[in-house]
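S.K.:
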Amino acid sequence: MSEPVAVKLTAKDFKSDQEVRWCPGCGDYAILAAIQQFMPELNIPRERTVFVSGIGCSSRFPYYMNTYGMHSIHGRAPAIATGLSVSRPDLSVWVVTGDGDALSIGGNHLIHALRRNVNLKILLFNNRIYGLTKGQYSPTSEVGKITKSTPAGSADAPFNPLSLALGAEASFVGRTIDSDRKHLQSVLRAAAEHEGSAFVEIYQNCNIFNDGAFEQLKDPSTRDNYLIRLEHGQPITFGADGQFCVVHPPGGFGLEVRDTNSVRPEEIVVHDATVTDPAYAFALSRLPGLDLRNTPIGVFRSVDRPSYDSVVQAQLAAAKAKVTETPEQQLAGLLGSGDTWTII
Amino acid sequence: MTKQIRQLDRVVIRFAGDSGDGMQLTGDRFTSETAQLGNDISTLPNFPAEIRAPAGTLPGVSSFQVHFADYDILTPGDAPNVLVAMNPAALKANLADLPRGADIIVNTDEFTKRNLAKVGYQTSPLDDDSLAGYVVHPVALTSMTVGALAAHQVSKKDAERSKNMFALGLLSWMYSRPYESTLRFLERKFAARPELVAANVAAFKAGWNFGETTEDFAVRYEVKPAKMKPGTYRNITGNAALSLGLVAAGVRSGLPVFLGAYPITPASDILHELSKHKRFGVITVQAEDEIAAVGAALGASYGGSLGVTTTSGPGVALKSETISLAVALELPLVIVDVQRAGPSTGMPTKTEQADLNMALYGRHGEAPVAVIAPRSPSDCFFAALEAARIALTYRTPVILLSDNYVANGSEPWLLPDVESLPDLRVEFATKPNGDDGTTFLPYLRDPETLARPWAIPGTAGLEHRIGGLEKADKTGDISYDPANHDFMVRTRAARIETIPVPDIEVEDPDGDARVLVLGWGSTYGPIGAACRGVRQRGLSIAQAHLRHLAPMPANLGEVLRSYDKVVIPEMNLGQLAHVIRARYLVDAISYNQVRGLPFTAAELETTLEEVLKNV
Numbered sequence: 001m002s003e004p005v006a007v008k009l010t011a012k013d014f015k016s017d018q019e020v021r022w023c024p025g026c027g028d029y030a031i032l033a034a035i036q037q038f039m040p041e042l043n044i045p046r047e048r049t050v051f052v053s054g055i056g057c058s059s060r061f062p063y064y065m066n067t068y069g070m071h072s073i074h075g076r077a078p079a080i081a082t083g084l085s086v087s088r089p090d091l092s093v094w095v096v097t098g099d100g101d102a103l104s105i106g107g108n109h110l111i112h113a114l115r116r117n118v119n120l121k122i123l124l125f126n127n128r129i130y131g132l133t134k135g136q137y138s139p140t141s142e143v144g145k146i147t148k149s150t151p152a153g154s155a156d157a158p159f160n161p162l163s164l165a166l167g168a169e170a171s172f173v174g175r176t177i178d179s180d181r182k183h184l185q186s187v188l189r190a191a192a193e194h195e196g197s198a199f200v201e202i203y204q205n206c207n208i209f210n211d212g213a214f215e216q217l218k219d220p221s222t223r224d225n226y227l228i229r230l231e232h233g234q235p236i237t238f239g240a241d242g243q244f245c246v247v248h249p250p251g252g253f254g255l256e257v258r259d260t261n262s263v264r265p266e267e268i269v270v271h272d273a274t275v276t277d278p279a280y281a282f283a284l285s286r287l288p289g290l291d292l293r294n295t296p297i298g299v300f301r302s303v304d305r306p307s308y309d310s311v312v313q314a315q316l317a318a319a320k321a322k323v324t325e326t327p328e329q330q331l332a333g334l335l336g337s338g339d340t341w342t343i344i
Numbered sequence: 345m346t347k348q349i350r351q352l353d354r355v356v357i358r359f360a361g362d363s364g365d366g367m368q369l370t371g372d373r374f375t376s377e378t379a380q381l382g383n384d385i386s387t388l389p390n391f392p393a394e395i396r397a398p399a400g401t402l403p404g405v406s407s408f409q410v411h412f413a414d415y416d417i418l419t420p421g422d423a424p425n426v427l428v429a430m431n432p433a434a435l436k437a438n439l440a441d442l443p444r445g446a447d448i449i450v451n452t453d454e455f456t457k458r459n460l461a462k463v464g465y466q467t468s469p470l471d472d473d474s475l476a477g478y479v480v481h482p483v484a485l486t487s488m489t490v491g492a493l494a495a496h497q498v499s500k501k502d503a504e505r506s507k508n509m510f511a512l513g514l515l516s517w518m519y520s521r522p523y524e525s526t527l528r529f530l531e532r533k534f535a536a537r538p539e540l541v542a543a544n545v546a547a548f549k550a551g552w553n554f555g556e557t558t559e560d561f562a563v564r565y566e567v568k569p570a571k572m573k574p575g576t577y578r579n580i581t582g583n584a585a586l587s588l589g590l591v592a593a594g595v596r597s598g599l600p601v602f603l604g605a606y607p608i609t610p611a612s613d614i615l616h617e618l619s620k621h622k623r624f625g626v627i628t629v630q631a632e633d634e635i636a637a638v639g640a641a642l643g644a645s646y647g648g649s650l651g652v653t654t655t656s657g658p659g660v661a662l663k664s665e666t667i668s669l670a671v672a673l674e675l676p677l678v679i680v681d682v683q684r685a686g687p688s689t690g691m692p693t694k695t696e697q698a699d700l701n702m703a704l705y706g707r708h709g710e711a712p713v714a715v716i717a718p719r720s721p722s723d724c725f726f727a728a729l730e731a732a733r734i735a736l737t738y739r740t741p742v743i744l745l746s747d748n749y750v751a752n753g754s755e756p757w758l759l760p761d762v763e764s765l766p767d768l769r770v771e772f773a774t775k776p777n778g779d780d781g782t783t784f785l786p787y788l789r790d791p792e793t794l795a796r797p798w799a800i801p802g803t804a805g806l807e808h809r810i811g812g813l814e815k816a817d818k819t820g821d822i823s824y825d826p827a828n829h830d831f832m833v834r835t836r837a838a839r840i841e842t843i844p845v846p847d848i849e850v851e852d853p854d855g856d857a858r859v860l861v862l863g864w865g866s867t868y869g870p871i872g873a874a875c876r877g878v879r880q881r882g883l884s885i886a887q888a889h890l891r892h893l894a895p896m897p898a899n900l901g902e903v904l905r906s907y908d909k910v911v912i913p914e915m916n917l918g919q920l921a922h923v924i925r926a927r928y929l930v931d932a933i934s935y936n937q938v939r940g941l942p943f944t945a946a947e948l949e950t951t952l953e954e955v956l957k958n959v
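Chains as they are written, first to last, in our numbering: chain A, 1 to 344; chain B, 345 to 959.
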């Protein structure tokens, strides 16, 4: 590939000529606009950026980005993107997926991409419902949820996407919200800069089949008491005037929320996204209750670990370094290796 | 003592023993020695799926059959002339395949009461007259090996394990094989443990010397070299040849080969082999499952690699949806199906060719792909190149239907000159192809190949989106237009149907045959051998063999209609015959066998003679 010519791009450059066909009012519009606006910051030429998606409402995303893109099949985007990323380390490969696509039909590919640390930026639009198939419960729907396929209420316990990603030891894990453009862009920026798999859950509102799923996190009257905004290096406090805080109670395994007034300042956990043991970020991921109280957003975890791509490329480079012959000469040597005999 | 030397034109030897007795290795070495001598060879390994079934039991028997001759041969042989039976189970499991008069070399040390009881022998077959029709050579293989290694610094267990080399030494003496390559092999294999090199070499020589001195083996045999085309040869299995063919396709196309694979018998050896060739830029990813394996291969193809996935039938079933996506995306993809006996897990180490229907039709929607099948172990090399050629030129998935018989069988391979291999270079799209000079139309086709441009990410100005949704002709935009869908479905069918493939050739040395035998894939050898047998009896018969199953050769219909009868032998219940009847309205006679083993030439010969009687 030729070296990119430095041209200052704008959000408009990332808009494709395709008509966007999500339902009016869908949270996906806000995410699309935020990403189109944010992409120029990365200074990656459009032609080196690829969006790969699976199936579902969110997976239409690549059609609307004026980059390279593939709208693939249900659940398989991480697998397809793995082949692309490993074979083309010069590209910036993004996966756009949803809660059904990533966690149900494609759960296996997601966890394996994360444990391998493939250099993919994986954006999971979580609306806790199947939208494209018109309203069945999803693997992140709450227990008892009444939907078309669960008239008596869902009997399944949901996945916590971040806990799952952390269980797979993802090297970067974050969460953000569709309606908070500034925060969304800040998390994506950190994800884009991360070498290896970056997993970002984006709470996204489906105004048709699951409207208001994350309303408490958005409503100005509740959000400050519900949301924990994680800042690396800062004590974890939230609520009006830092009314609440997160502590690690002695004798316990996890983290808990307390009234800030009831604890000594040194007891408040200082957020460190670089903790090697995923148990810390996992404990953060367990804080929210069923009513979404105590929902952390931001970068939970960002640790350095060699990407799968870099290890594969290093092995190739090491093997090629010893080569002095042309490919044809190498091939002739390979074909004639082992026990041979000649007939005259 | 002076031994009589007798000339033979061909011999079939079967080495049989417990899974842990090293029979595959023994057979492999004997084959290599035989190759060095210049005989034509064909081999048939036959082993259980269990890695180590309980010792001494029938399910644990592993065997390796080698057929060698002073003329060109087509099969590993119907019936062994010599059976080496390392234990009672090996004798019992293989006896039925032996013709009367065959030689049986038995390891008497293993014929203990306990081992005999394990396989249901009330009395030892060596002591009663149940083997009266055979020439039995009782040899205390284990104890003689241990005795020969008494002075060696190896454990008793390691000494006993060298008994396969004693057997190899004996057989090498018996058939006058050159053994230098085996000695070199042992030095390589046990390089880290010189005491084992010495022990194995000593066991081999003890076996050789035993043959020379014992009176039980009065005759030594020779099989003269076969008249083969001049050139350099190596003995090669189908899986090895197929792997090399994929490496060659990478070299000849200038593209990196990317293999996505999940371990599955009998295809895993291709993954093992390709993972060794990183210096060629070959990337292998052992994926989390079959679906991810093909997905990664398709992703790599999208990025400009030659994407390949290797598997067996159950894996192809899982990959089906992604292959359909590749049909819609019109990207190159090679899917290797090393067929095994199904359905489900079936018999994973046994052969079958029952995935033809799946290869041709096993996808949702109208999703045509190209399908080709190799006819012999060494042909797997050329079939891999041909699969890559079609995939790259026509931007389509290609299914390559190998099977366990060709994958694990071996034969001498006349090494090709690299420069003579097909030129597979492709051109990626580099600039807009629309009339206005600025628009890129990802589905604007080459009028000759009907292939769409391959515009890989990283190419400035050609940014575009593709996907599984139906695409408008030329622009590739999402389209639900009825006429467009009809057009695209027909175009995708035409894309495959119009791929030019070589005409099918008919072998009819007498020129007056009225019956044609049509086969595909690995049945080439047995069918060919059966036709030779029929002709030796003064009858005429024609043979034709399909390499391209989709699309089929343009002249096939005409060829089929020019014979009174067409016989189609297959290791399935008539899948090709069904296609032939449907496509060409030819009332083909289907002859089928699904025992997990290749056809014997004899059974085919009998069948063909029956057909000939009624013409």
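Each residue gets a CB set at the ideal place from its N, CA and C atoms; glycine is no exception.
Remember, predicted model here, so these are calculated numbers, not experimental data.
(1) Compile a chain-ordered list of the residues in the segment 587-618 of chain B whose CB is closer than 9 Å to at least one CB of chain A.
(2) Hey, would you say histidine 380 of chain A sits closer than 8 Å to arginine 789 of chain B, going by beta carbons?
(3) Nearest by alpha-carbon distance to proline 522 of chain B: which of B:Pro797, B:Asp447, B:Glu377 and B:Met430 is it?
(4) Could you tell me the boundaries of the alpha helix (DSSP H) in which tyrosine 705 of chain B lies?
(5) Give every residue of the same chain whose Cβ lies closer than 6 Å to the Cβ of glycine 639 of chain B, excluding the five residues on either side of it in the sequence, and list them in chain order.
(6) Would you kindly report the start and end of the unbroken beta strand (DSSP E) that includes glycine 174 of chain A?
(7) I'd like to check one pair, serine 645 of chain B with aspartate 681 of chain B: are the Cβ atoms closer than 8 Å?
(8) How about proline 791 of chain B and valine 750 of chain B: are their beta carbons less than 8 Å apart?
(9) Please list the partners that glycine 336 of chain A has in chain D, where partner means a Cβ-to-Cβ separation under 8 Å.
(10) What does the alpha-carbon distance come out to for the pair aspartate 856 of chain B and isoleucine 885 of chain B?
(11) Using only the alpha-carbon positions, how far apart do threonine 387 of chain B and alanine 926 of chain B sit?
(12) Could you list the residues in the segment 786-811 of chain B with a C-beta less than 9 Å from some C-beta on chain A, going in chain order?
(13) What are the start and end residues of the alpha helix (DSSP H) that includes arginine 373 of chain B?
(14) Can you find the residues in the same chain that come closer than 6 Å, C-beta to C-beta, to threonine 97 of chain A, ignoring five residues on each side of it along the sequence?
(15) In its own chain, which residues sit with a C-beta less than 7 Å from the C-beta of methionine 1 of chain A, not counting the 5 before and 5 after it?
(16) In whole angstroms, what is the alpha-carbon distance linking aspartate 780 of chain B and proline 40 of chain A?
(17) What ranges does the beta strand (DSSP E) occupy inside the segment 556-643 of chain B, keeping only unbroken runs of at least 3 residues that lie completely in it?
(18) Can you list, in chain order, the residues of its chain with a C-beta nearer than 6 Å to that of threonine 944 of chain B? Leave out the 5 residues immediately preceding and following it.
(19) Counting only Cβ-Cβ distances shorter than 8 Å, please list the residues of the segment 11-40 of chain A near chain B, keeping chain order.
(20) Can you tell me which of B:Thr419, B:Asp767, B:Ala735 and B:Val850 puts its alpha carbon nearest to the alpha carbon of alanine 795 of chain B?
(21) If the cut is a Cβ gap below 8 Å, which residues of chain B does lysine 322 of chain A touch?
(22) Are the C-beta atoms of glycine 659 of chain B and some chain A residue less than 8 Å apart?
(23) Strictly below 9 Å CB to CB, what residues from chain A border aspartate 821 of chain B?
(24) Can you give me the Cβ contacts of arginine 229 of chain A inside the same chain, cut-off strictly under 7 Å, excluding the 5 residues immediately before and after it?
(25) Please state whether DSSP places serine 406 of chain B in a helix, a strand or coil.
(26) Looking only at its chain, what residues have a beta carbon closer than 6 Å to the beta carbon of phenylalanine 359 of chain B, apart from the 5 residues adjacent to it on each side?
(27) Keeping to the same chain, check which residues put their C-beta closer than 7 Å to that of isoleucine 848 of chain B; ignore five residues upstream and five downstream.
(28) Quick one: is leucine 132 of chain A near chain B, going by C-beta distance under 8 Å?
(29) For the segment 193-206 of chain A against the segment 156-175 of chain A, do three or more pairs of beta-carbon atoms, one drawn from each stretch, fall closer than 8 Å, so that the two count as touching?
(30) Can you confirm whether the segment 546-564 of chain B touches the segment 516-532 of chain B when touching is taken to mean that 3 or more C-beta pairs between the two stretches lie within less than 8 Å?
(31) In chain B, which residues lie with their C-beta within 7 Å of the C-beta of valine 312 of chain A?
(32) Please name the residue, chosen from A:Gln18, A:Tyr63 and A:Thr340, that lies closest to tyrosine 577 of chain B on a Cα-to-Cα basis.
(33) Between tyrosine 868 of chain B and arginine 684 of chain B, how many whole angstroms is the CB-CB distance? I'm expecting something under 8 Å.
(34) List, from N- to C-terminal side, the alpha helix (DSSP H) runs of 4 residues or more that fit wholly inside the segment 887-932 of chain B.
(35) Between the Cα of valine 479 of chain B and those of B:Gly778, B:Val450 and B:Arg834, spot the shortest distance and give me the residue it belongs to.
M.R.: With the structure as the only source:
(1) Leu588, Val591, Ala592, Gly594, Val595, Arg596, Gly598, Pro600, Phe602 and Gly604
(2) What is shown of chain A runs 1 to 344, which leaves residue 380 of chain A out entirely.
(3) Looking up residue 522 of chain B in the second sequence gives position 178. The residue with the shortest Cα to Cα distance from proline 522 of chain B is B:Glu377.
(4) As a first step, residue 705 of chain B is located in the second sequence; it is residue number 361 there, counting from the start. Start and end: 700-705.
(5) Residue 639 of chain B sits at position 295 when you count from the first residue of the second sequence. Once the five neighbours on either side are set aside, the close Cβ partners of glycine 639 of chain B are Thr666.
(6) For the purposes of this step, residue 174 of chain A is identified with residue 174 of the first sequence, where counting begins at 1. Run containing glycine 174 of chain A: 172-177, per the beta strand (DSSP E) assignment.
(7) Here residue 681 of chain B refers to the residue found at position 337 of the second sequence. Here residue 645 of chain B refers to the residue found at position 301 of the second sequence. No, Cβ-Cβ distance for aspartate 681 of chain B and serine 645 of chain B is not below 8 Å.
(8) For the purposes of this step, residue 791 of chain B is taken as residue 447 along the second sequence, with counting starting at 1. For the purposes of this step, residue 750 of chain B is taken as residue 406 along the second sequence, with counting starting at 1. Not closer than 8 Å, so no.
(9) Among the protein chains in the structure shown, which are A and B, there is no chain D.
(10) Stepping through the second sequence from its first residue, residue 856 of chain B is reached at position 512. Stepping through the second sequence from its first residue, residue 885 of chain B is reached at position 541. So the two alpha carbons sit approximately 8 Å from each other.
(11) As a first step, residue 387 of chain B is located in the second sequence; it is residue number 43 there, counting from the start. As a first step, residue 926 of chain B is located in the second sequence; it is residue number 582 there, counting from the start. Going by the C-alpha atoms only, they are around 36 Å apart.
(12) Ala799, Ile800, Pro801, Gly802, Thr803, Ala804, Gly805, Leu806, Glu807, His808, Arg809, Ile810 and Gly811
(13) What you label residue 373 of chain B is simply residue 29 of the second sequence in a count that begins at 1. Element bounds for arginine 373 of chain B: 367-381.
(14) Residue numbering aside, residue 97 of chain A sits at position 97 when the first sequence is read from its first letter. The residues are Gly54, Ala77 and Leu124.
(15) By one-based count along the first sequence, residue 1 of chain A stands at place 1. Its pLDDT being 46, under 50, methionine 1 of chain A is placed unreliably by the model, and the measurement read from it follows with that caveat. For methionine 1 of chain A, where only same-chain residues beyond five positions count, the Cβ hits under 7 Å are Asp90.
(16) Within the second sequence, numbered from 1, the residue matching residue 780 of chain B stands at position 436. Within the first sequence, numbered from 1, the residue matching residue 40 of chain A stands at position 40. The alpha-carbon atoms of aspartate 780 of chain B and proline 40 of chain A are separated by roughly 27 Å.
(17) 563-567, 575-581, 601-605 and 627-630
(18) Against the second sequence, residue 944 of chain B aligns to sequence position 600. The residues are Asp422.
(19) Ser16 and Gln18
(20) What you label residue 795 of chain B is simply residue 451 of the second sequence in a count that begins at 1. With distances taken between Cα atoms, alanine 795 of chain B lies closest to B:Ala735.
(21) The residue given as residue 322 of chain A occupies position 322 in the first sequence. Those are Arg623, listed as they occur along chain B.
(22) Taking the first residue of the second sequence as position 1, residue 659 of chain B is located at position 315. Cβ-Cβ to chain A under 8 Å: no for glycine 659 of chain B.
(23) Residue mapping note: residue 821 of chain B aligns to position 477 of the second sequence, counting from 1. Under the 9 Å cutoff, chain A gives Asp17, Gln18 and Tyr63.
(24) Locating residue 229 of chain A in the first sequence gives position 229, where the first residue counts as 1. The residues are Phe238, Ile297 and Gly298.
(25) On the second sequence, position 62 is the one that residue 406 of chain B refers to. Reduced to three states, the DSSP call for serine 406 of chain B is strand.
(26) Taking the first residue of the second sequence as position 1, residue 359 of chain B is located at position 15. Met367, Thr370, Gly371, Phe408 and Val428, listed in sequence order.
(27) By 1-based counting over the second sequence, the position of residue 848 of chain B is 504. Excluding sequence neighbours, isoleucine 848 of chain B sits near Ala888, Leu890, Pro897, Asn899, Leu900 and Val903.
(28) Taking the first residue of the first sequence as 1, we reach residue 132 of chain A at position 132. Closer than 8 Å: no.
(29) yes
(30) yes
(31) As a working note, residue 312 of chain A is residue 312 in the first sequence. The contacting residues are Ile627.
(32) Here residue 577 of chain B refers to the residue found at position 233 when the second sequence is read from its first residue. Answer by Cα proximity: A:Thr340.
(33) Taking the second sequence and counting its residues from 1, one reaches residue 868 of chain B at position 524. Taking the second sequence and counting its residues from 1, one reaches residue 684 of chain B at position 340. With 8 Å as the limit, tyrosine 868 of chain B and arginine 684 of chain B do not qualify as a contact, their Cβ atoms being about 19 Å apart.
(34) 900-905 and 919-928
(35) The residue given as residue 479 of chain B occupies position 135 in the second sequence. The residue with the shortest Cα to Cα distance from valine 479 of chain B is B:Val450.
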